[in-house]
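To start, the structure itself, in structure tokens.
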Amino acid sequence: VAPWLFQNWVIAESIHRTDREEEAGFDLSACLNRVRLNDQAAARSLVERLYPLVIHVVRGNLPRLESEEDMAQEVFMKMFAKLDQYEGVVPFEHWVARIAVNACLNRIRAQTSRPELRWADLNESQIGALENTSAGDAHPVDSLVARDLVDLLLEPLSPDDQIIVRMMELEDRSIEEIRQLTGWSATYIRVRAFRARRKLNKKFSKLWKEGKL
Amino acid sequence: MNQLHPGLKRLMRAARPESSLERPEAPAGFAAAVVRRRRSSEPEVSEGTFAQWLIFRAATASAVLIVAGLAAQVAFTARPAAPYDFTGAYTAAIKVFVP
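Protein chains in written order, with this note's numbering: chain A, 1 to 213; chain B, 1 to 99.
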């Protein structure tokens, strides 16, 4: 009974403290301690605080036709489940970003591999976007259509290659940033990026030739 | 390092998510939904679970006490007799000193 009483006292005390902290600024370590003690208010404020970071990573690496909100929720559930494993060696935001990247990677791995994209599979807007991008920068392309096309082109690549290309080309991240987010070595990232670009160039050229015929 | 095909590079650039300066806010009810989902996924500690825990602990403590008592009794009864026999001296002393 004593631990239960103590725990409830700590939670009650922390709830009273929340208002004072909001005025003084967000104290992450105190918030994490309260979340570990099952303080619901602290868990809510942690989710609200980390949402921009998580949704940014999810949007950049989310597989096609997946719901961003569902993915973000899954990332937060994993974060709460692993919270006791966080030792404070790296900043908490980096730790959460890595969880988000791994969740996206797992989702990509779970997808069944799709056949290579062919010109006949494209709809009119996608063909228009392809023609515009090939013609030059003067022709604007709808970003949603372009994103859809990029997702289709990336699908036949391996999950690791997809994540690396997304981070390098869509999010403009450096190798060091990718290394921190994924835990892979810089050499591995360089090699995978090299091979992925080569494959993508080959696929793109083939697709373009199909369209010209 | 090799480069992407120029057309593909332009497509990638067009597909980049808009880099808005505003931090995206969590949709209304998102945080509450996550916390609710977290609570529902946690194993609940019911009264039954607590009673089970208490019974298990009490049974363990009883077993430890019984084993310790039996061990003490066995050790006491199985103690070897003293190597010296003082019975004769004791009887003689009683006869001499006790009136």
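No residue lacks a Cβ here, since even glycine has one placed at the ideal position from N, Cα and C.
Where does the unbroken alpha helix (DSSP H) through H56(A) begin, and where does it stop?
-> Membership of H56(A) in the alpha helix (DSSP H) is indicated by the continuous run 40–61.
Using a cut-off of 8 Å between C-beta atoms, extract the partners of Y51(A) located in chain B.
-> Within chain B, the C-beta atoms nearer than 8 Å to that of Y51(A) come from P24, E25, A26, F30, A31, in chain order.
Could you give the DSSP three-state label for P91(A): helix, strand or coil?
-> In the structure shown, P91(A) sits in coil (DSSP, three-state: anything other than H, G, I, E or B).
If Y86(A) and F92(A) are in contact, beta carbons under 8 Å, what's the gap, nearest whole angstrom?
-> That belief holds up - the Cβ atoms of Y86(A) and F92(A) are roughly 7 Å apart, short of 8 Å.
Among G25(A), K209(A), F26(A), which one has its Cα closest to the Cα of R118(A)?
-> Closest option to R118(A), Cα to Cα, is K209(A).
Is N2(B) helix, strand or coil when you go by DSSP?
-> Reduced to three states, the DSSP call for N2(B) is coil.
Compare the C-alpha of P17(B) against each of L144(A), V47(A), E155(A) and name the closest.
-> For P17(B), the nearest C-alpha among the options comes from L144(A).
Under 6 Å Cβ to Cβ from A186(A), same chain only, skipping five residues before and after it: list those, please.
-> Short of 6 Å from the beta carbon of A186(A), and not among the five residues preceding or following it, lie these beta carbons of its own chain, in chain order: I175, R179.
Taking any Cβ of chain B, which residues in the stretch 67–78 of chain A have a Cβ under 8 Å from it, in chain order?
-> For the stretch 67–78 of chain A, residues whose beta-carbon sits nearer than 8 Å to a beta-carbon of chain B comprise E69, A72, Q73, F76, M77.
Measure from the C-beta of E176(A) to each C-beta in chain B and report whether the shortest distance is under 9 Å.
-> No, its Cβ sits nowhere closer than 9 Å to a Cβ of chain B.
From which residue to which residue does the alpha helix (DSSP H) around D148(A) run?
-> It spans 143–154 - the alpha helix (DSSP H) in which D148(A) sits, taken as one unbroken run.
Whole angstroms is fine: what's the gap from L243(A)'s alpha carbon to D121(A)'s?
-> In the structure displayed, chain A extends from 1 to 213; residue 243(A) sits before or after that span and is not available.
Of all the CB atoms in chain A, is at least one closer than 9 Å to the CB of S41(B)?
-> It does; some Cβ of chain A falls within 9 Å.
Do we get a CB-CB distance below 9 Å when we pair G48(B) with the residues of chain A?
-> Chain A has no Cβ within less than 9 Å of the Cβ of G48(B).
Kindly indicate the opening and closing residues of the alpha helix (DSSP H) around M79(A).
-> Its alpha helix (DSSP H) spans residues 68–81.
Looking at K203(A) and L153(A), is the spacing between their C-beta atoms short of 9 Å?
-> Yes, these two residues count as a Cβ contact at 9 Å.
How about the stretch 161–177 of chain A and the stretch 98–113 of chain A: do they share at least three Cβ pairs that are nearer than 8 Å?
-> Segment contact: the stretch 161–177 of chain A against the stretch 98–113 of chain A, three or more CB-CB distances shorter than 8 Å; contact assigned.
Mind listing which residues of the stretch 85–119 of chain A have their C-beta closer than 8 Å to chain B's C-betas, in chain order?
-> Legend: CB atoms of the stretch 85–119 of chain A lying less than 8 Å from CB atoms of chain B are not found in any residue.
Does E155(A) have its Cβ less than 9 Å from a Cβ in chain B?
-> Interface residue (Cβ-Cβ distance to chain B less than 9 Å): E155(A) is not classified as such.
Can you tell me whether R79(B) is buried or exposed, with buried defined as 16 or more other CB within 10 angstroms of its CB?
-> Under a 10 Å Cβ-count criterion, R79(B) is classified as exposed, with fewer than 16 other Cβ atoms of the shown protein chains found around its own Cβ.
Say whether chain A places a C-beta atom closer than 9 Å to the C-beta of R57(B).
-> Chain A contact via Cβ: absent.
As assigned by DSSP and simplified to three states, the class of A92(B) | Helix.
Give me the Cα-Cα distance between L130(A) and R59(A), rounded to the nearest whole angstrom.
-> The alpha-carbon atoms of L130(A) and R59(A) are separated by roughly 22 Å.
Hey, would you say L157(A) sits closer than 9 Å to A100(A), going by beta carbons?
-> A100(A) is positioned such that its CB atom lies no closer than 9 Å to that of L157(A).
Check the Cβ-Cβ distances between R74(B) and every residue of chain A, and say whether any is below 9 Å.
-> Looking at the sequence shown, residue 74(B) is not Arg but Val. Output row for V74(B): interface = no.
Buried or exposed (CB count within 10 angstroms, at least 16 for buried), V98(B) | Per the 10 Å Cβ criterion, exposed.
Where does the unbroken alpha helix (DSSP H) through E169(A) begin, and where does it stop?
-> Segment: none, E169(A) is in no alpha helix (DSSP H) and carries neither H nor E.
Output, in chain order, the set of chain B residues within a Cβ distance shorter than 8 Å of Q40(A).
-> Neighbours of Q40(A) on chain B, chain order: V35, R39.
Would you kindly report the start and end of the unbroken alpha helix (DSSP H) that includes V35(A)?
-> Judged by DSSP secondary structure, V35(A) falls within the alpha helix (DSSP H) whose first and last residues are 28–36.
R109(A), DSSP secondary structure in three states = Three-state result, R109(A): helix.
S40(B) - containing alpha helix (DSSP H), residue span | Annotation for S40(B): the continuous alpha helix (DSSP H) segment containing it runs 30–41.
Provide the residue span of the alpha helix (DSSP H) that contains Q180(A), from first to last.
-> Counting along the chain, the unbroken alpha helix (DSSP H) around Q180(A) starts and ends at 175–182.
Grouping DSSP H, G and I as helix and E and B as strand, with all else coil, what is G69(B)?
-> Helix, per DSSP.
In chain B, which residues lie less than 9 Å from S143(A) when you measure between Cβ atoms?
-> Under the 9 Å cutoff, chain B gives A14, A15, R16, P17, E18.
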